[in-house]
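Chains as they are written, first to last, in our numbering: chain W, 1 to 158; chain F, 1001 to 1693. Even for Gly, the Cβ is constructed at its ideal location relative to N, Cα and C.
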């Protein structure tokens, strides 16, 4: 029985869930912001639940992106912010699949051991310069997104 | 002399083969039936519309489905006849560049002057947002005060077929109206999709291919049935194999002569006119039957049978009258029929007398006859016609004449729903220059703010220059100065020193890109574009603005066609009455019954059970043309038995030639079959009432 449960828990074919620390550097004001939370990715949706500095749950699925706060207030994203958030979440989803990185049409991949440098090939090259990521045991351990405007977003798995 | 029939056939065949390179057969059904204007509209809407799109969907909304679709996309791109495959809806590099370049012109501009305090408040809010927001949004250093706003297309990344899976759209440059090319492409696509059993594909030209396959099968079955019946009739009942053979040859000669003459008169012959013309040729066997059963072939020289002559003149006359109608299809058909009937008449009346045909094996009895009182028939017919006149409806929907391909129609609906197309209706905008076209578009758009079309991306020079002037009038230099100062105060680095820099170099060279989904095409010195408005928007038509509802346009055309046909039918009836008066003076009501009665029976039946369509009307013309012959033959005939026999076999052969269409599952052909069968039935009834006293 225990064996079966363990198997079920580790048998997470369609995605991953992990706790993370985020370091967001905004170049225009030269400040870095630290946040933390949990990311859950599967085929159908992505959920980012921030717990520090405040609670915010971002749920993105086929219907759209909804943001919930601590009081339970829901907001559906629209306009420019929806556009950028979609880009961000799509990126996270793509790079989560380490094995498919080399064959992914969206990136030019340079690999040195477990350190990867990804150059963006598609529309996102208008916003994102490159992505650096490191892996551990064939899974993502850290990644850093370098935006064209010199902002960076670094995510570390805990 | 004995072989004259064969000689004539050989000569005509030789002529035909000689001229065959000059004989052009057209398969353009629309062009033959509709006005020049409608045909042009149809051409334009085809070029601007979706008729060259092919949609392919795989089952499922997961990664595997996408991968499969990508594979299919790559294979499609390798096909010569496919010019574009769209899988991801994200804008291309060119599109993004275009938007960057013309951003300040395309965006909505809020030109209120902003004070330093407002700027400060604004930037402070932005600063706070960046510091506290959990969601990342890059700072817009180009337009930090949001003076320019543009709707970012919130479309999904991939096309989806509702309740099924992901979908791609391929575009072909093949002429999808050309049946052969369409069929080839259809086959290629289905072969490509064979290894992917969970895919569905659809394109508007699939209707043409699948329906024409069904129609072909249908037509082949019917032609086979028809040929078998005719063979039984001619060969077995006639029992004269030589006559059978020579009749076939004579009919072939008639058809050949008609084709040759038509090719001189018309630039091209429509295949429908050809097909029906040949069927009408078989009606000329009537003359042969009449001569044969009256043993007229025994005497050499031109047969002078007054009745056959007048029968021929009336039928020939009707087709000559109709050859002047300005509907190409009917004009061609009528000329063809007139020529082939004339050739057949001459061959049967002269050449056949030299063939030494044996007399038929029937007892010839001359007797007095009694027939129905034409007044009663006339009254009955008038009543039925009266009822029809008040109850008959005209079916203007051309699609109802086609084979009802239920499976494809459902698939069509599904795809239309998924693409959201049925929320919109199309408007065709035209102009004598691109500038006029765009200005008309812009004027139209002012009353239809939700319009989708080229105006989203491209402006007329007038509009562009106006916008440019408006933007450049604003004091951006001052704004920039303030922004820089205030920005540093609030805590930003000097990131605003180049804000709004692009405003100084605005140019009005907006050229349409392929990805823009809306096109401007040029046809015959006019420019056209198609725009979409909400389905329930009121479209006021004016110069260069016309609602493109092809079914409505075709339906209106059908109305015009119907009226022309009815007019010509009226003229033909007058012509018949004149001839009948010459032949039978005041007892012309009797032969006239042979037209009025079948006509009224047919119209009455149609008004009871369905609605009248254009094919019914066409068949009625044929019915009148053949009905009158029988009226003339039967009038005051002293050789009742022979005449009756001749007519009986003539009617049977007409049924075999036309009436078999009643077994067709294609509505257009079925309609013709119904009219002819009912007509023949009613003539049989009239025949039955003529008997010996």
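Cβ distance (whole Å) where residue i is taken to contact residue j below 8 Å
i	j	result
residue 1601 (chain F)	residue 1288 (chain F)	No, residue 1601 (chain F) and residue 1288 (chain F) are not in contact; Cβ-Cβ is about 27 Å, not under 8 Å.
residue 1575 (chain F)	residue 1318 (chain F)	7 Å
residue 1564 (chain F)	residue 1325 (chain F)	6 Å
residue 1660 (chain F)	residue 1620 (chain F)	About 18 Å; that fails the 8 Å criterion.
residue 46 (chain W)	residue 60 (chain W)	5 Å
residue 1459 (chain F)	residue 1467 (chain F)	7 Å
residue 1254 (chain F)	residue 1212 (chain F)	Residue 1254 (chain F) to residue 1212 (chain F), Cβ: 28 Å. No contact.
Assigned exposure category for residue i - 16 Cβ within 10 Å defines buried
i	result
residue 1752 (chain F)	Past the boundaries of the shown model lies residue 1752 (chain F); chain F is included only from 1001 to 1693, so the question cannot be answered.
residue 7 (chain W)	Bear in mind that the predicted position of residue 7 (chain W) carries a pLDDT of just 48, short of 50, making it too unreliable to give a figure here.
residue 1286 (chain F)	buried
residue 1433 (chain F)	exposed
residue 53 (chain W)	exposed
residue 163 (chain W)	In the structure displayed, chain W extends from 1 to 158; residue 163 (chain W) sits before or after that span and is not available.
residue 1052 (chain F)	buried
residue 1451 (chain F)	buried
residue 1003 (chain F)	exposed
residue 1293 (chain F)	buried
residue 1572 (chain F)	buried
residue 1577 (chain F)	exposed
residue 1089 (chain F)	exposed
residue 1031 (chain F)	buried
residue 1655 (chain F)	buried
residue 1302 (chain F)	exposed
residue 1332 (chain F)	buried
residue 1449 (chain F)	exposed
residue 35 (chain W)	buried
residue 1604 (chain F)	buried
residue 1635 (chain F)	buried
residue 1144 (chain F)	buried
Local conformation of residue i per DSSP, three classes
i	result
residue 200 (chain W)	The structure shown does not extend to residue 200 (chain W), since chain W is modelled only from 1 through 158, so no value can be given for it.
residue 32 (chain W)	strand
residue 1170 (chain F)	strand
residue 1320 (chain F)	helix
residue 144 (chain W)	strand
residue 1520 (chain F)	strand
residue 1424 (chain F)	strand
residue 1250 (chain F)	helix
residue 1289 (chain F)	helix
residue 50 (chain W)	strand
residue 1496 (chain F)	coil
residue 13 (chain W)	In this prediction, residue 13 (chain W) scores a pLDDT of 46, lower than 50, which makes its location untrustworthy; no coordinate-derived value is stated.
residue 69 (chain W)	strand
residue 1395 (chain F)	coil
residue 39 (chain W)	strand
residue 1411 (chain F)	helix
residue 26 (chain W)	strand
residue 1612 (chain F)	strand
residue 1666 (chain F)	coil
residue 1269 (chain F)	strand
residue 75 (chain W)	strand
residue 1219 (chain F)	helix
**Prompt:** Looking at chain W, which residues of the region 1485-1508 of chain F have a Cβ within less than 7 Å of any of its Cβ atoms?
**Reply:** The region 1485-1508 of chain F vs chain W, Cβ under 7 Å: 1491, 1492, 1493 and 1495.
**Sequence ranges, beta strand (DSSP E) only - wholly within the region 81-140 of chain W, length at least 3** = 107-112, 115-120 and 128-136
**Message:** Under 9 Å, CB to CB, which of the residues in the region 25-43 of chain W have a partner in chain F?
**Reply:** 26, 27, 28, 29, 30, 31, 33, 35, 37 and 43
**Asked** Can you list, in chain order, the residues of the region 1045-1067 of chain F whose Cβ is nearer than 9 Å to any Cβ on chain W?
**Response** Listed by position, the residues of the region 1045-1067 of chain F near chain W (Cβ gap below 9 Å) are 1061, 1062 and 1063.
**Prompt:** the region 1080-1096 of chain F: which residues have C-beta closer than 9 Å to a C-beta of chain W, in chain order?
**Reply:** Going along the region 1080-1096 of chain F in chain order, one finds 1088, 1090, 1091, 1092, 1093 and 1096 with a Cβ nearer than 9 Å to chain W.
**Item:** Members of the region 1446-1465 of chain F that neighbour chain W once the beta carbon cut-off is set at 7 Å
**Value:** For the region 1446-1465 of chain F, the set of residues with a beta-carbon nearer than 7 Å to any beta-carbon of chain W is empty.
**Request:** With 8 Å as the limit, tell me which residues of the region 41-67 of chain W have their beta carbon closer than that to any beta carbon of chain F; keep them in chain order.
**Result:** 43, 50, 54, 56, 58, 62 and 67
**Members of the region 102-123 of chain W near chain F, C-beta cut-off 9 Å** = 105, 122 and 123
**Request:** Mind listing, in chain order, the continuous beta strand (DSSP E) runs of no fewer than 3 residues lying wholly within the region 1113-1172 of chain F?
**Result:** 1159-1161 and 1165-1172
**Uninterrupted alpha helix (DSSP H) stretches inside the region 1516-1577 of chain F (no shorter than 4 residues)** = none
**Prompt:** Hey, which unbroken runs of the beta strand (DSSP E) at 3 residues or more fall wholly within the region 1052-1119 of chain F?
**Reply:** 1053-1058 and 1082-1086
**Item:** chain F contacts made by the region 135-149 of chain W, where a contact means CB separation under 7 Å
**Value:** Residues of the region 135-149 of chain W with a C-beta less than 7 Å from any C-beta of chain F: 147 and 149, listed in chain order.
**Item:** Contact list for the region 80-96 of chain W against chain F, Cβ threshold 7 Å
**Value:** 80, 81, 82, 83, 84, 85 and 88
**Message:** If the cut-off is 8 Å on Cβ atoms, which residues from the region 1113-1132 of chain F count as contacting chain W, listed in chain order?
**Reply:** 1127, 1130 and 1131
**Unbroken stretches of the beta strand (DSSP E), 3 residues or longer, contained in the region 1173-1206 of chain F** = 1199-1202, all fully within the region 1173-1206 of chain F.
**Message:** If the cut-off is 7 Å on Cβ atoms, which residues from the region 1158-1174 of chain F count as contacting chain W, listed in chain order?
**Reply:** none
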